[in-house]
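Asks:
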Amino acid sequence: MGGDDDDGGDTDTGDDTSGSDDGVPERDGSDLPMIDQTYHIPHYDENPQETTLFSEEWWNTPSIDFLLTPVGGWKPMAAQEHIPHIFEDVEVTADEVTVTIFEDAEWSDGTDIVAEDLFRYYKIFDSLWQPVQPGDRALDEIRDPVSAIAPRPGEFWLDDAFVDNGKEAVFRGGDGHFLEKWTEEGVKEAFYGLPVLPPHDPDIYVEIVDRLEEYHREYDTPRETEEHEEWRNFTMDDDWDIGLDHITAGPFKIENVTDSQYILERHDGYPHADELNFTRVEASYLEDDEAHRAALVSDSLDWTDEVNIPQHALDSLPDHVEEFQHPDFGGMGLTVQGQHDVLGDPRVRQALMHMIDQEMVTQLLAESMVDAEPIHTPGLQGGNDELVDDEFVDQLHTYDQDYERAEELLERAGFSEEGGDWYTPDGDLFQFEIHTDEDIPEFLLVIEDQFREFGLEVGVSTEEDAVFEDRFDNANFDMMEWGWEGEQEDVFIDFFWAIHSGIVRQQRGFWSHDEAEEIAADWDGLTYLESEAEEEGAYADIQGVVGGNLVDFTISAPPIGEFDGEPTEEYPVADHAIRFEYGYTFDDVDYTFEDALEECIWVYNWWLPEMPISMEFGHVFHNTRDWIVPDQSSAALWQGSYQFLSSGLVNADPDGRGDTID
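Counting from 1, position 456 in the sequence shown corresponds to residue 456 in full-length UniProt numbering; the numbering is continuous, with no gaps.
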């Protein structure tokens, strides 16, 4: 493979690294000898020599970014896990956040990584990607704790917003600001997840900040000026290629860049470098899934993910290439236009779910793509079943194929059957279309047959991609093929986005535009935006949304556990969802995170804003002959991402193809 040493024989995958007591995978590369061995991975830049630091290709290409940049994180809700990078600690008080950088953290040129580096990078990317709305901006409109120290219009960063203590970077946010709105865990998540220190040319990097500070001081609304646009153009300059003159802070540094490959070597100045016992990474451009499969077969690839290989093609892979499966936290399903005259009734959607044979549909998906499993209890997908107890789960409704139950639900909604056909409460024939793009998936035809078998007049309508997308954007559809996504509480993000985004509100139908405008008018800080774009088919957004001021955006559903009861309870799921999204505290309300999560699951299960049918599993492929890899449970935890490599969860096997370095 790639000119490395002689192949070794099959080997065990090493000690169990499935996880430590606190849920963080154990890493034991420091106990292994250093091996002169190259790890071969794919990348997705068509020509690395034309990829620039601020280009869309770079930021949408996580493979190399993860290896050259110190990437870490903190998961506060399900399990308080610190995923290490160059930050040794993040300490939170009400007034400030102190980020401690590892003492031995260095740039690839040997200079120390210090607080000033974090501040420069923060200033650049706050100005690039966090635009401030013109006009006055209330403090309560700041949703993310990291943006709490960003300048308001007409201001520059306060002199004491950043305190440089060498290896300690102190971010100040005001009197009691951080813990007034957010939980300590929520603030940690935001600061551990700071976009930290990309590869860069040091001289140009400093020039960016100098120009940034100059126009910030000169203009009252710096993000609304021609000068700001010039600065952005300078920052996005196409001449800023990712190259050998760039210094890096991640686990690897650049050795060479060709027209098809990134060649990286281990960066000894990375705090966790001793947990990587191999010397180099070679990333090659692979265009599509077939190219990935061919590379695995030819023994020129050690690992790949984000690739779909049909089950029938797996037999062609070498024995030492093992397949790992992990939940993708997404899958296929259906969605209806929430304000639809007929399908807008939750009982109708419940009936439709009972007409679908999820087992059959899921089997079709598995044959054409990757393994999948049916979702019989909407709301629990994405791992939410792990966050609630069995007693609550038993109160949720299970949607198996059951025509009798479907008939009962339709009749309760005022529908009637005559001569094998079904009629709406208004006496019209019950009929609708399922919209899809030009590549009609086979599973939709199966669902169409199942609806027709029940007695509905349903057809699948295929349209050009542009027409299909326009239908979705303008909520001009009956039912659509829909891919759900989200891990745990993120499944419910649309409860929040339907407030903030008028387009999502129109699609989901939780509240009409008139209802949203009326509710927003009763709350200080909420603004219902009218714009010229609304005349062109867009819908008004609501600005100023934060935890606590969305409690009147409720959805009606029966009391928890009474699925067939009347929808007499009002659940503030929009407020719950924004608290999940931004880590807001629950100290100001008389319920807990767990209570809010159960209410969101219950409303989703009954109201069915989406009709999820399957959860898909992604393939992760590892060369287990030459590399020690985590076991299956750890593969599921890490979802097969490039963090396997950057976090020391993959190491060279001493019995593999490489030579031990004395």
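We put the CB at the ideal spot given by N, CA and C, even for glycine.
May I ask you to list the residues that DSSP assigns as paired with HIS312?
Replies: Working through the sequence shown from its first residue, we reach residue 312 at position 312. Answer is none; HIS312 lacks a bridge partner.
Asks: Just to confirm before moving on: does the CB-CB distance between CYS600 and PHE495 stay below 8 Å?
Replies: The sequence position of residue 600 within the sequence shown is 600, counting from 1. The sequence position of residue 495 within the sequence shown is 495, counting from 1. Cβ atoms of CYS600 and PHE495: closer than 8 Å.
Asks: Suppose the cutoff is 6 Å on Cβ atoms and the five residues either side in sequence are ignored; what does the same chain contact list for LEU128 look like?
Replies: Along the sequence shown, read from residue 1 onward, the residue named residue 128 stands at position 128. Because LEU128 carries a pLDDT of 47, less than 50, the predicted location of this residue cannot be relied on, and the following value inherits that uncertainty. Correct list: empty, nothing qualifies.
Asks: Going by beta-carbon coordinates alone, are PRO374 and ASN605 separated by less than 8 Å?
Replies: For this step, residue 374 is matched to residue 374 along the sequence shown. For this step, residue 605 is matched to residue 605 along the sequence shown. Not closer than 8 Å, so no.
Asks: Leaving aside the five residues before and after GLU141 along the sequence, list all residues of the same chain whose C-beta is less than 6 Å from its C-beta, in chain order.
Replies: Residue 141 sits at position 141 when you count from the first residue of the sequence shown. With a pLDDT of 48 at GLU141, under the threshold of 50, the modelled position of that residue is not reliable, and the figure given next carries that caveat. Around GLU141: GLY544.
Asks: Let's see if you can read the secondary structure: which residues bound the beta strand (DSSP E) around ALA557?
Replies: What you label residue 557 is simply residue 557 of the sequence shown in a count that begins at 1. Residue range 555-557 is occupied by the beta strand (DSSP E) that includes ALA557.
Asks: Hey, quick one: how far does the beta strand (DSSP E) through ILE578 stretch, first residue to last?
Replies: Numbered from 1 along the sequence shown, position 578 holds the residue referred to as residue 578. From DSSP, ILE578 is part of no beta strand (DSSP E) but of the alpha helix (DSSP H) over 573-582.
Asks: Looking at ALA406: is its Cβ nearer than 8 Å to the Cβ of PHE443?
Replies: Taking the first residue of the sequence shown as position 1, residue 406 is located at position 406. Taking the first residue of the sequence shown as position 1, residue 443 is located at position 443. No, Cβ-Cβ distance for ALA406 and PHE443 is not below 8 Å.
Asks: Report yes if the CB atom of ASP421 is closer than 8 Å to the CB atom of LEU410, and no otherwise.
Replies: The residue labelled residue 421 in the question sits at position 421 within the sequence shown. The residue labelled residue 410 in the question sits at position 410 within the sequence shown. The answer is no: Cβ separation not under 8 Å.
Asks: Kindly give me the distance between the Cβ atoms of LEU597 and GLU489, rounded to whole angstroms, as I take these residues to be in contact under 8 Å.
Replies: Residue 597 sits at position 597 when you count from the first residue of the sequence shown. Residue 489 sits at position 489 when you count from the first residue of the sequence shown. Contact between LEU597 and GLU489 holds, with the beta-carbon distance rounding to 6 Å and staying under 8 Å.
Asks: Starting from ASP514, follow the alpha helix (DSSP H) in both directions and report where the run begins and ends.
Replies: By one-based count along the sequence shown, residue 514 stands at place 514. First-last of the alpha helix (DSSP H) with ASP514: 513-521.
Asks: When you compare the CB positions of ALA516 and ARG508, do they come within less than 8 Å of one another, or not?
Replies: Position 516 of the sequence shown, counted from the first residue, corresponds to residue 516. Position 508 of the sequence shown, counted from the first residue, corresponds to residue 508. Against a cut-off of 8 Å, the Cβ pair of ARG508 and ALA516 comes out as no contact.
Asks: Grab me the residues of SER316's own chain with a C-beta within less than 8 Å of its C-beta, minus the 5 sequence neighbours each way, in chain order.
Replies: Position 316 of the sequence shown, counted from the start, is the residue given in the question as residue 316. For SER316, where only same-chain residues beyond five positions count, the Cβ hits under 8 Å are ARG293 and VAL297.
Asks: So, for ARG471: in the same chain, excluding its five sequence neighbours on each side, which residues have a beta-carbon less than 8 Å away from its beta-carbon?
Replies: Along the sequence shown, one-based indexing puts residue 471 at 471. Cβ within range, chain order: HIS435, GLU463, PHE477 and MET480.
Asks: If we count Cβ pairs, one from each stretch, closer than 8 Å, do we get three or more for the stretch 180-188 versus the stretch 85-94?
Replies: yes
Asks: Quick one: grab the DSSP three-state call for TRP107.
Replies: Residue numbering aside, residue 107 sits at position 107 when the sequence shown is read from its first letter. DSSP places TRP107 outside both helix and strand once states are collapsed to three, so it counts as coil.
Asks: Tell me whether HIS312 is buried or exposed, calling it buried when 16 or more other Cβ atoms sit within 10 Å of its Cβ.
Replies: Residue mapping note: residue 312 aligns to position 312 of the sequence shown, counting from 1. It is exposed - the Cβ of HIS312 has fewer than 16 other Cβ atoms within 10 Å.
Asks: Which whole-angstrom value is the C-beta distance of GLY376 and THR398, which I expect to be below 8 Å?
Replies: On the sequence shown, position 376 is the one that residue 376 refers to. On the sequence shown, position 398 is the one that residue 398 refers to. Note that residue 376 is His in the sequence shown, not Gly. With a Cβ gap of about 5 Å, HIS376 and THR398 count as contacting.
Asks: Quick one: is GLY483 buried, meaning 16 or more other Cβ sit within 10 Å of its Cβ, or exposed?
Replies: If you number the sequence shown from 1, residue 483 lands on position 483. Label assigned to GLY483: exposed.
Asks: The beta strand (DSSP E) that contains ASP394, what's its start and end?
Replies: Here residue 394 is taken as the residue at index 394 of the sequence shown, counted from 1. Premise fails: ASP394 is in no beta strand (DSSP E) and is neither H nor E.
Asks: Whole-angstrom Cβ separation of ASN277 and LEU32, contact assumed at under 8 Å?
Replies: By 1-based counting over the sequence shown, the position of residue 277 is 277. By 1-based counting over the sequence shown, the position of residue 32 is 32. ASN277 to LEU32, Cβ: 4 Å. Contact.
Asks: Put ALA372 into one of helix, strand or coil per three-state DSSP.
Replies: For this step, residue 372 is matched to residue 372 along the sequence shown. Strand.
Asks: Once the 5 residues before and after VAL90 are set aside, which same chain residues still bring their CB inside 6 Å of it?
Replies: Numbered from 1 along the sequence shown, position 90 holds the residue referred to as residue 90. Cβ within range, chain order: VAL99, LYS188, PHE191 and TYR192.
Asks: What does the alpha-carbon distance come out to for the pair THR248 and GLU116?
Replies: Position 248 of the sequence shown, counting from 1, holds the residue named residue 248. Position 116 of the sequence shown, counting from 1, holds the residue named residue 116. Near 16 Å, if we compare the C-alpha coordinates of GLU116 and THR248.
Asks: Pick from HIS320, VAL446 and PRO572: whose alpha carbon is nearest that of ASP590?
Replies: Numbered from 1 along the sequence shown, position 590 holds the residue referred to as residue 590. Residue PRO572 is the option with its Cα nearest to ASP590.
Asks: If you compare alpha carbons, which of VAL281, THR111, GLN350 and PHE586 is closest to ALA413?
Replies: Residue 413 sits at position 413 when you count from the first residue of the sequence shown. With distances taken between Cα atoms, ALA413 lies closest to GLN350.
Asks: Going by alpha carbons, who is nearest to THR38 out of GLY548, PHE593, GLU282 and PHE617?
Replies: Within the sequence shown, the letter at position 38 stands for residue 38. It is GLU282.
Asks: Do you know offhand how far GLN337's Cα is from ILE447's?
Replies: Position 337 of the sequence shown, counted from the start, is the residue given in the question as residue 337. Position 447 of the sequence shown, counted from the start, is the residue given in the question as residue 447. Approximately 18 Å, taken between the alpha carbons.
Asks: Can you tell me whether DSSP reads LEU637 as helix, strand or coil?
Replies: Along the sequence shown, one-based indexing puts residue 637 at 637. The pLDDT assigned to LEU637 is 48, lower than 50, so where the model puts this residue is not dependable; a value taken from the coordinates is nonetheless given after this. Residue state, collapsed to three classes: helix.
Asks: Are GLU322 and THR624 touching if we call contact CB-CB under 8 Å?
Replies: By 1-based counting over the sequence shown, the position of residue 322 is 322. By 1-based counting over the sequence shown, the position of residue 624 is 624. Yes, the Cβ-Cβ distance between GLU322 and THR624 is below 8 Å.
Asks: Roughly how far, in whole angstroms, is the beta-carbon of HIS267 from the beta-carbon of SER108, given that I think they are within contact range, below 8 Å?
Replies: Within the sequence shown, the letter at position 267 stands for residue 267. Within the sequence shown, the letter at position 108 stands for residue 108. With a Cβ gap of about 5 Å, HIS267 and SER108 count as contacting.
Asks: Quick check for students: name the residue ranges of the beta strand (DSSP E) that lie wholly in the stretch 252-326, counting only runs of 3 or more.
Replies: 252-257, 261-266, 278-285 and 303-307
Asks: Consider the C-beta atom of GLU489 and the heavy atoms of the ligand ADP; say whether any pair is separated by less than 7 Å.
Replies: The ligand ADP is not part of this structure, which contains no ligands at all.
Asks: Taking its Cβ as the centre, do 16 or more other Cβ atoms sit within 10 Å of THR335, making it buried, or is it exposed?
Replies: Position 335 of the sequence shown holds residue 335. Buried: at least 16 other Cβ atoms inside 10 Å.
Asks: Would you decide whether THR585 is buried or exposed? Buried here means 16 or more other CB atoms lie within 10 Å of its CB.
Replies: To locate residue 585, count along the sequence shown from 1; it is residue 585. The residue is buried, with at least 16 neighbouring Cβ atoms inside 10 Å.
Asks: On the DSSP letters alone, give me the boundaries of the alpha helix (DSSP H) that VAL629 sits inside.
Replies: The sequence position of residue 629 within the sequence shown is 629, counting from 1. Counting along the chain, no alpha helix (DSSP H) covers VAL629, and no H or E run does either.
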